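Student:
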Amino acid sequence: MGISQRVKNVMLLLWVILLPLTLATGFSLYLAQQQILRQQQADASLLIAQAESISDEAWDMIDRLRPLERQSCDEIETMLQRYSAQYAYFRSIGMTASDLVTCSSAFGNENGSLQQMILGPLPEVNRAWWSLSVAGTWGVPNRPAVLFIRRGTQGYGAYALVEAQYLLDVMRAIHDQRGNHLSLRVDNGYRIETDDDMPAEPSWLAPRVWQQSSARFPIHVTITVPGASVADAWRQNFFTFLPVTLILTLLLAALANVFIKRKRAFADELRRAIAREEFYVHYQPLYDARHRRCYGVEALLRWRRRDGSEMAPDSFITLAEREGCIVSLTHHLLRLIVRDSQRWQLPDGFHLSINIAAAHLQDAQFVDDIQHVASQLSRHRLTIVLELTERSLIGDDALATAHLRQLRQAGIRVAIDDFGTGHCALSYLQRFPLDYLKIDRGFVHAIEDKGGETPILEAIIHLGHTLELQVVAEGVETAAQFHWLCHHQVRFIQGYFYARPMGSQALMDWLGLHAEQPAPGH
Ligand code: C2E
Ligand code: CA
Ligand code: CA
Numbered sequence: 003m004g005i006s007q008r009v010k011n012v013m014l015l016l017w018v019i020l021l022p023l024t025l026a027t028g029f030s031l032y033l034a035q036q037q038i039l040r041q042q043q044a045d046a047s048l049l050i051a052q053a054e055s056i057s058d059e060a061w062d063m064i065d066r067l068r069p070l071e072r073q074s075c076d077e078i079e080t081m082l083q084r085y086s087a088q089y090a091y092f093r094s095i096g097m098t099a100s101d102l103v104t105c106s107s108a109f110g111n112e113n114g115s116l117q118q119m120i121l122g123p124l125p126e127v128n129r130a131w132w133s134l135s136v137a138g139t140w141g142v143p144n145r146p147a148v149l150f151i152r153r154g155t156q157g158y159g160a161y162a163l164v165e166a167q168y169l170l171d172v173m174r175a176i177h178d179q180r181g182n183h184l185s186l187r188v189d190n191g192y193r194i195e196t197d198d199d200m201p202a203e204p205s206w207l208a209p210r211v212w213q214q215s216s217a218r219f220p221i222h223v224t225i226t227v228p229g230a231s232v233a234d235a236w237r238q239n240f241f242t243f244l245p246v247t248l249i250l251t252l253l254l255a256a257l258a259n260v261f262i263k264r265k266r267a268f269a270d271e272l273r274r275a276i277a278r279e280e281f282y283v284h285y286q287p288l289y290d291a292r293h294r295r296c297y298g299v300e301a302l303l304r305w306r307r308r309d310g311s312e313m314a315p316d317s318f319i320t321l322a323e324r325e326g327c328i329v330s331l332t333h334h335l336l337r338l339i340v341r342d343s344q345r346w347q348l349p350d351g352f353h354l355s356i357n358i359a360a361a362h363l364q365d366a367q368f369v370d371d372i373q374h375v376a377s378q379l380s381r382h383r384l385t386i387v388l389e390l391t392e393r394s395l396i397g398d399d400a401l402a403t404a405h406l407r408q409l410r411q412a413g414i415r416v417a418i419d420d421f422g423t424g425h426c427a428l429s430y431l432q433r434f435p436l437d438y439l440k441i442d443r444g445f446v447h448a449i450e451d452k453g454g455e456t457p458i459l460e461a462i463i464h465l466g467h468t469l470e471l472q473v474v475a476e477g478v479e480t481a482a483q484f485h486w487l488c489h490h491q492v493r494f495i496q497g498y499f500y501a502r503p504m505g506s507q508a509l510m511d512w513l514g515l516h517a518e519q520p521a522p523g524h
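Per the working numbering, the sequence shown starts with residue 3, numbered consecutively.
1. For Ser216 and Ser133, which I take to be in contact (beta-carbon distance under 8 Å), what is that distance rounded to the nearest angstrom?
2. On the CB-based measure, 16 or more other CB atoms within 10 Å of its CB, does Asn357 come out buried or exposed?
3. Taking Pro315 as part of the alpha helix (DSSP H), name the residues at either end of that continuous run.
4. Following a CB-centred definition, is Arg498 positioned closer than 8 Å to any heavy atom of ligand 1?
5. With a cut-off of 6 Å, give the chain-ordered residues whose Cβ is closer than this to any heavy atom of ligand 2.
6. Ordered along the chain, which non-local residues of its own chain (more than five positions away) have a Cβ less than 6 Å from that of Trp131?
7. Cβ-heavy atom distance between Arg502 and ligand 1 below 8 Å?
8. Just verifying my parser: in three-state terms, what is the DSSP assignment at Val416?
9. Looking only at C-alpha atoms, which of Leu303, Phe243, Arg306 and Gly326 sits nearest to Ala269?
10. Comparing alpha-carbon positions, which option in Ser317, Glu77, Leu409 and Gln483 lies nearest Asn111?
11. Assign Met97 to buried or exposed, taking buried as 16 or more other Cβ atoms, counted over all protein chains shown, within 10 Å of its Cβ.
12. Taking the straight line between their C-alpha atoms, what separation do you get for Ala475 and Asp419?
13. Within 10 angstroms of its Cβ, does Gln42 collect 16 or more other Cβ (buried), or is it exposed?
14. Please indicate yes or no: does the CB of Ile372 lie closer than 8 Å to some heavy atom of ligand 1?
15. Does the distance from the CB of Leu401 to the CB of Gln344 come in under 9 Å?
16. Whose CA, out of Met313, Thr139, Arg129 and Arg304, lies closest to the CA of Pro123?
17. For a test of your reading of the model: does the CB of Asp316 fall under 8 Å from any non-hydrogen atom of ligand 1? Yes or no.
18. Report yes if the CB atom of Ile527 is closer than 9 Å to the CB atom of Val478, and no otherwise.
19. The beta strand (DSSP E) with Phe150 in it runs from where to where?
20. Going by C-alpha distance, which of Gln373, Asp62, Val142 and Leu70 is nearest Leu93?
21. Going by DSSP in three states, Leu431 sits in which element: helix, strand or coil?
22. Whole angstroms is fine: what's the gap from Ala49's alpha carbon to Val223's?
23. DSSP state of Tyr282, grouped into three classes?
24. Please report how far the alpha carbon of Gln373 lies from the alpha carbon of Arg308, in whole angstroms.
25. Which of helix, strand or coil does DSSP assign to Phe241?
26. Alpha carbons only, please: which of Leu82, Tyr498, Gln37 and Arg493 is nearest the one belonging to Arg294?
27. Give every residue of the same chain whose Cβ lies closer than 7 Å to the Cβ of Gln37, excluding the five residues on either side of it in the sequence, and list them in chain order.
28. Please indicate yes or no: does the CB of Arg443 lie closer than 8 Å to some heavy atom of ligand 3?
29. Ligand 3 and Glu476: does the residue's C-beta get closer than 8 Å to at least one heavy atom of that ligand?
In structure tokens:
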């Protein structure tokens, strides 16, 4: 196994470990944020409901004071005190005229202005009914309250001052339970807040802030959850998921391991098969219809396993390509061809077609590999043709083109194999230095005995001729196909109709009998 393969495997394993952990981390953070939001919403609703019910009580009380509006303080003072005492919420209730407090349950008729009562300016509102949270009041400067006011048409009115303590109690209860920070504000008034110290924030997690308002009153609530609490919830979720995450990680790691092993297993199997000489080469004769004789062969790799079973080349070539072993397999093919060639007697210029995988074409050694085999075969004065599929031409085309140019200068020819089955843009055909276009057998099989419609096949042949490429038809199985192709100026024919692939010795025998003979019926 090469270094780069080992690095790839380590990367894969790292991925497999990091992926579930990253997912679990992200998901538990998201979940923590959702949980906190739901909690904030529930707490805010609770607090708002409490503030609304206190407001309802206050407005009810103000309504009850309406009949007392024009009476003197002496007459109503005791009644005010009695009313006020009925509800523990009230700091005081009382009557107003313009901005003056004329009578209150707390101080009788010894009152000042409303401003003096709330120790600050009044809001600039023109509404007859308004309410405001305040930091303190006359006589009780350090404890927040909420003021409710109704002003009548002639300046007479009534107020109720509600202790904020009851709201603060609810807020502190929520705070003690959750560790969050709550603040409540009536209209633009004082912010009634839990007097907690927010814990030092971990800088990497921002606090979560939620604001909610009452639909009925100008009551606004803000709930802030410190980043540390988010982190806590996150951690808790993470540890809840940890067992599942670990199981997932182990499963993925096991899968990755199987994958790596299988890859290595195939590479090992291939190496063993090469050592045990399980590979051999078949050669399929190619027919030149113009000169009515055999003009070359295509080398096709075969694998007979030790148990005698043959593995289909399509399968093992695909596997070798996928598992990254195709280049070493092709090296072996080239060695086998050189070995077979020692017993060959071939005319000058005889074609030897060799299939080359896409990965090999991009390999730095590619040109050397081919030149090496060419030099070892030089005694035969062969024309070597490299068969490339359309896929080969798609990758790094600058490198591929450079390799092919170099080889063509050295007399090597290039064919595009299985033409019409890949996804090659036609422009590639012009850009690449090509000599032969091999029409895929699928198109050839479209030729029926009775000569049906074959528009695509005709278009491909036409395209080949236009680009000045030699056209080869492969997979020719019947006399009808053969004649149709000859009739349509396809010069080179390959297929069972002419000859099947055969071993090296069988090829020599076959060539002795048929090399100079026309194909049957030609
Ligand atoms: P290919 O390059 O298109 O090779 C031609 C295939 O068509 C061969 O199949 C051949 O046996 C088959 N064939 C020839 N005449 C006929 C015919 O008249 N009818 C039909 N139905 N088939 C015919 P094979 O040997 O099974 O090879 C399959 C594929 O495996 C090849 O297709 C090629 O893509 C790949 N392959 C074979 N040997 C090598 C090799 O040494 N290197 C590489 N890279 N690929 C190879
Ligand atoms: Ca081929
Ligand atoms: Ca082919």
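Note that the Cβ used here is the ideal one computed from N, Cα and C, for glycine as well. Small disclaimer: the values here were computed from a predicted structure and weren't measured.
Tutor: In short:
1. Contact flag wrong, Cβ pair sits at about 11 Å.
2. buried
3. Pro315 to Arg324
4. According to the sequence as given, residue 498 is Tyr; it is not Arg. Yes, the beta carbon of Tyr498 sits closer than 8 Å to at least one heavy atom of ligand 1.
5. Glu300, Asn357, Glu389 and Asp419
6. Arg152
7. yes
8. strand
9. Gly326
10. Glu77
11. buried
12. 10 Å
13. By the neighbour-count definition (other C-beta atoms within 10 Å, threshold 16), Gln42 is a buried residue.
14. no
15. No, these two residues do not count as a Cβ contact at 9 Å.
16. Thr139
17. Remark: the C-beta of Asp316 is in contact range of ligand 1, defined as less than 8 Å to any heavy atom.
18. Since the displayed the chain opens at 3 and closes at 524, residue 527 lies outside it and no answer follows.
19. Looking at the DSSP string, the run of the beta strand (DSSP E) that includes Phe150 is Ala147 to Arg153.
20. It should be pointed out that residue 93 corresponds to Arg in this sequence rather than to Leu. Closest by alpha carbon: Val142.
21. helix
22. The question names Ala, but residue 49 is Leu in the sequence shown. Approximately 8 Å, taken between the alpha carbons.
23. strand
24. 33 Å
25. helix
26. Arg493
27. Ala235
28. yes
29. yes
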